[in-house]
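Numbering (UniProt numbering), first residue to last: 1 to 471.
In structure tokens, the structure reads:
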């Protein structure tokens, strides 16, 4: 299916037929009815802005763990990783303990009163933060709150019953320490690209606007000696086996994959445990799903980095930023049952938020990647599309983080390259509301373009949903 310029495309497939939930997309003017976002803090206070961001002796590293015995056990399980970072920075790692389920206000209070405490010397304030726990332990609201001030990643591992898997924590810590101390025989990584060949409008848009242009730019830069990759390669895979083979080489690789993430069945998940196990899995075709169970024990991106672009690929939040808007559209009953199917994949009242099982399996795998960047909400094609013309490629938003990773920087710096675009969109959106308010006070006509504002709202929220899993 050819993507249309006037449609909003979603990277979500249902768990019944494994086909796109919004195959026809939504008219772009529906975004004009989206609610005004909460005010976000834009300032960025980098520690030692004149210094190498990769140097922990200057930038510092710390841990955020949930309060209680469960948090204690998580800290014990990753102790080898803590010891590694302490040796790298030449000082003890600060450990922050936080209550479960912090909302946006409490997260902002933590950032202001604890993270920015005047009792902490500026040279000791950590730029890098590793959060431990699932999204109901250390909330994604806290991760978002800290994203403008720090480079925050998260690790969590759970068993099939949703209980903390300490063996997964220990396996991840051992893998990071092993690669840090032993390195790899290869000096440079491969840069890999993959778009699921399901023929849907969303994945075709991903191929046309993101993967294709990124491959072309990468190959040109590589040919000129400007990209320190061993090779640039696009994976052609119509099955799970083909994808695992394409990403299973011994050389550490950086992979961008674009696909639908597996959502709920049309009538919703029968059990919450089913969502924990399968939601966010990578949909290649209706009968080819790369989920956590399929990935376990398989070499895939060993020692590498994975930018996994799909709905709910990193996790499912307690509250989707799109819920109110989509609920309103669903009540109008103008778009069939597709919107209600989308809502089934969003958290129901009383259900807990969770990190997706697929990246958990990848990170716990001794022959898997060191970090995954993924989406913790619905992922749209806005992240790599123009705001004035949706058919325009804005691949640089996603390509820049890949380039950062290929050059050997830490994963947090790669995510920050993406968040710079988020802050730009957030500022443009705030200015639109300010111009409207100024005109109202002055008795002038509203000068803002509501269609432009709607596109900015979609872009801002699409970019904000990306988080780092891993350290």
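For each residue, glycine too, the CB sits at the ideal point set by N, CA and C. In this text the structure is predicted, and so the values were computed from the model without any measurement.
With DSSP collapsed to three states, give me the class of residue 45.
In this predicted model, residue 45 has a pLDDT of only 44, less than 50, meaning its place in the structure is not dependable; the value taken from the coordinates is given anyway. Three-state result, residue 45: coil.
Measure how close the beta-carbons of residue 133 and residue 97 come, nearest whole angstrom, since I'm counting them as under 8 Å.
With 8 Å as the limit, residue 133 and residue 97 do not qualify as a contact, their Cβ atoms being about 11 Å apart.
Inspect the CB distances between the segment 191-201 and the segment 227-241 and report whether three or more fall short of 8 Å.
yes
Just confirm the distance between the C-beta atoms of residue 201 and residue 25, as a whole number of angstroms; I'd bet it's less than 8 Å.
6 Å
Look up residue 380 in the DSSP assignment and give the residues it is bridged to.
10
Counting C-beta neighbours from all protein chains within 10 Å, is the total for residue 92 16 or more, i.e. buried, or is it exposed?
exposed
Whole-number beta carbon distance between residue 467 and residue 140, since they are thought to touch under 8 Å
7 Å
N- and C-terminal bounds of the beta strand (DSSP E) containing residue 116:
No beta strand (DSSP E) holds residue 116; DSSP gives it neither H nor E.
Extent of the continuous alpha helix (DSSP H) to which residue 69 belongs:
69-77
To which residues of the same chain is residue 142 closer than 6 Å at the C-beta, ignoring the five residues directly before and after it?
102 and 107
Does the separation of the CB atoms of residue 129 and residue 62 fall below 7 Å?
yes
Keeping to the same chain, check which residues put their C-beta closer than 6 Å to that of residue 275; ignore five residues upstream and five downstream.
269
Just to confirm before moving on: does the CB-CB distance between residue 473 and residue 379 stay below 7 Å?
In this structure the chain extends from 1 to 471, so residue 473 is not present and cannot be described.
With 16 other CB atoms within 10 Å as the buried threshold, where does residue 80 fall?
exposed
Can you give, in chain order, each stretch of the alpha helix (DSSP H) that sits fully within the segment 294-332 and has at least 4 residues?
323-332
If you pair each beta-carbon of the segment 285-304 with each one of the segment 243-255, do three or more pairs fall below 8 Å?
yes
Residue 267, DSSP secondary structure in three states:
coil
Is there a Cβ of chain D sitting closer than 7 Å to that of residue 184, yes or no?
Among the chains of the structure shown, chain D does not appear; only one protein chain is present.
Which runs of the beta strand (DSSP E) spanning at least 3 residues fall entirely within the segment 179-212, listed in chain order?
190-195
Nearest by alpha-carbon distance to residue 408: which of 440, 183 and 297 is it?
183
The beta strand (DSSP E) spanning residue 424 covers which residue range?
It is not in any beta strand (DSSP E) - residue 424 instead sits in the alpha helix (DSSP H) that spans 411-442.
Alpha carbon of residue 384 to alpha carbon of residue 393, nearest angstrom
6 Å
Taking only the alpha-carbon atoms, compute the straight-line gap between residue 225 and residue 231 and give it to the nearest angstrom.
11 Å
Please report the Cβ distance between residue 60 and residue 124, rounded to the nearest whole angstrom; I am assuming they are in contact, meaning their Cβ atoms lie under 8 Å.
6 Å
For residue 458, which beta-bridge partners are listed by DSSP?
Answer is none; residue 458 lacks a bridge partner.
Within the continuous alpha helix (DSSP H) that includes residue 353, where are the two ends?
That residue, residue 353, is in no alpha helix (DSSP H); it is neither H nor E in DSSP.
Just to check my reading of the structure: residue 135 and residue 354 have Cβ atoms closer than 8 Å, yes? What is that Cβ distance to the nearest angstrom?
6 Å
State the DSSP-derived secondary structure class of residue 39, mapped to helix, strand or coil.
Any reading at residue 39 is ruled out, since the residue's pLDDT is 49, under 50, leaving its predicted position unreliable.
Validate contact between the segment 431-450 and the segment 396-403 using beta carbons, cut 8 Å, 3 pairs
no
Three-way DSSP call (helix, strand, coil) for residue 246 in this model
helix
Output yes or no for whether 7 Å exceeds the beta carbon distance between residue 127 and residue 150.
yes
Does the beta-carbon distance from residue 222 to residue 229 come in below 7 Å?
yes
With DSSP run on the structure shown, which of helix, strand or coil describes residue 102?
coil
Identify, in the order they occur along the chain, each residue of the same chain with its Cβ nearer than 8 Å to the Cβ of residue 411, setting aside the five sequence neighbours on each side.
153, 305, 370, 371, 373, 405, 468, 470 and 471
Nonlocal neighbours in the same chain, by C-beta distance under 7 Å from residue 321, ignoring five residues either side
377 and 461
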